[in-house]
Amino acid sequence: RTWLASLPLKMAPSTRRLGLALSLLLALAPSVTLGFSLTTSSGRRVGVGGSAVHPRRRRQSAVLSMRLMPASFEGSDFTITEYPRPVLRTKAVEISEFDDDLRSKIKQMFTIMYACRGVGLAAPQIGPWERWPGMAPRLFVYNSAGDSKLAHILERVVVNPRIVEYSSATDIEVEGCLSSRSECCDGQVCRATEIKVEYQDENGKEVKKKLKGYEARIFQHEFDHIQGVLHLDRFSPDSRKKIQPELDIMAKEYQEKAEDASDAILDLSDEVKATLVPPPMVSGRMPPLGEMGPLGGGGEGGEGQFDDPDSASNQRNVGKAMLKGMGWSD
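Position in the sequence shown (from 1) plus 24 gives the number in the numbering used here.
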């Protein structure tokens, strides 16, 4: 859009008028928001399982904006786990057996992810897991393009992961989540722009990688799930207040349907929230680097940070993130 809008003045008037018309159409056209969803710095909406929604459109009433997930998936007994089920707030358990049953469940996870037009899915978001009753394994899958045609290139299976380092550079994007009905509960989330990770694949093979950008954000979002953390736990108080009506509806539905609704967990404890890396948003802004605190991720998250916080590139990233938090865009 930026390229079209900045066509050189020396171009033929008809060519420039066509370019500006296309730019206007792109600006007005709805963008797609999905279950793990985010709005990039350029305004591009991407994510997991959703419907078309204009990024500037005012939030509808909770009843009208609710989008229910599929009740079942072909070839799988799994169903979607939604807020405020307790498994979403429970740390997932380590996987020790890498057998055909596990690989079959992983295949089902990808099927569900694509059925929801997704880019990522963590084990706590679906169930039941017969091998771990009432719990979920430390497992998630993702495809940063969300396109099954690119499965052989971009599909990733992540078992027993650890984030060993977070960059000091952070960025703010809008995220939604399959477990809270996608765009109706989206909001700004601060994430490290680069991370170093260690995990095992579906066969138990050790993997070490440095991830950045969009893939790093997806990994952090899904890693939160197996730590018992939801994206909305990272919202500022103002952002959380905006989505509270939708959360109240889901909590009421769970209360009406669950055999024992008393086990619902509505919020993350303050003790766990204090360990989040980066920290949650504060009044719609990114926390200053001085507030980052220990980068331990609750003992299982990370062990340090990299990148020079005084470098010119990092200062630019920090400045851009803070401007986004105040409502500015590139």
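Just so you know, even glycine gets a beta-carbon here, dropped at the ideal spot from N, CA and C.
Rounded to the nearest whole angstrom, the CA to CA distance from Pro261 to Val213 is 12 Å. Residue range 261–281 is occupied by the alpha helix (DSSP H) that includes Gln268. A Cβ-Cβ separation of about 7 Å places Ser203 in contact with Leu254 under the 8 Å criterion.
Distance check between Cys208 and each of Met274, Arg109, Ala146 places Met274 closest, using alpha-carbon atoms only. In the three-state DSSP reduction, Arg258 falls in the helix class (H, G or I).
DSSP links Asp171 through a beta bridge to no other residue.
Contact annotation: Trp156 and Val181 have beta-carbon atoms that are not nearer than 7 Å. Under a 10 Å Cβ-count criterion, Ser120 is classified as exposed, with fewer than 16 other Cβ atoms of the shown protein chains found around its own Cβ.
Look at Cys214 here: in three-state DSSP terms it is strand. For Ile104, the pairing in a beta bridge is given by DSSP as Ile150. The C-beta of Lys129 has 16 or more other C-beta atoms within 10 Å across all chains shown, which makes the residue buried. Contact annotation: the region 285–293 does not touch the region 225–241, with fewer than three C-beta pairs closer than 8 Å.
The three-state secondary structure of Gly200, taken from DSSP, is strand.
Look at Arg180 here: in three-state DSSP terms it is strand. Within the model, the alpha-carbon separation for Ile177 versus His245 is close to 21 Å.
Per DSSP, the unbroken alpha helix (DSSP H) holding Val296 starts and ends at 294–297. DSSP, read as helix, strand or coil, puts Phe122 in coil. By alpha-carbon distance to Ile150, the top candidate from Ile267, His249, Pro269 is His249. If you look at Glu230, you'll find it in the beta strand (DSSP E) that goes 230–236.
Between Ala288 and Pro108, the gap from beta carbon to beta carbon is short of 7 Å. For Arg127 and Gly252, the gap between their C-alpha atoms comes out near 23 Å. By the 16-neighbour rule on beta-carbons within 10 angstroms, Asp210 is buried.
Contact between Gly170 and Thr135 fails: their C-beta atoms lie close to 13 Å from each other, not under 8 Å.
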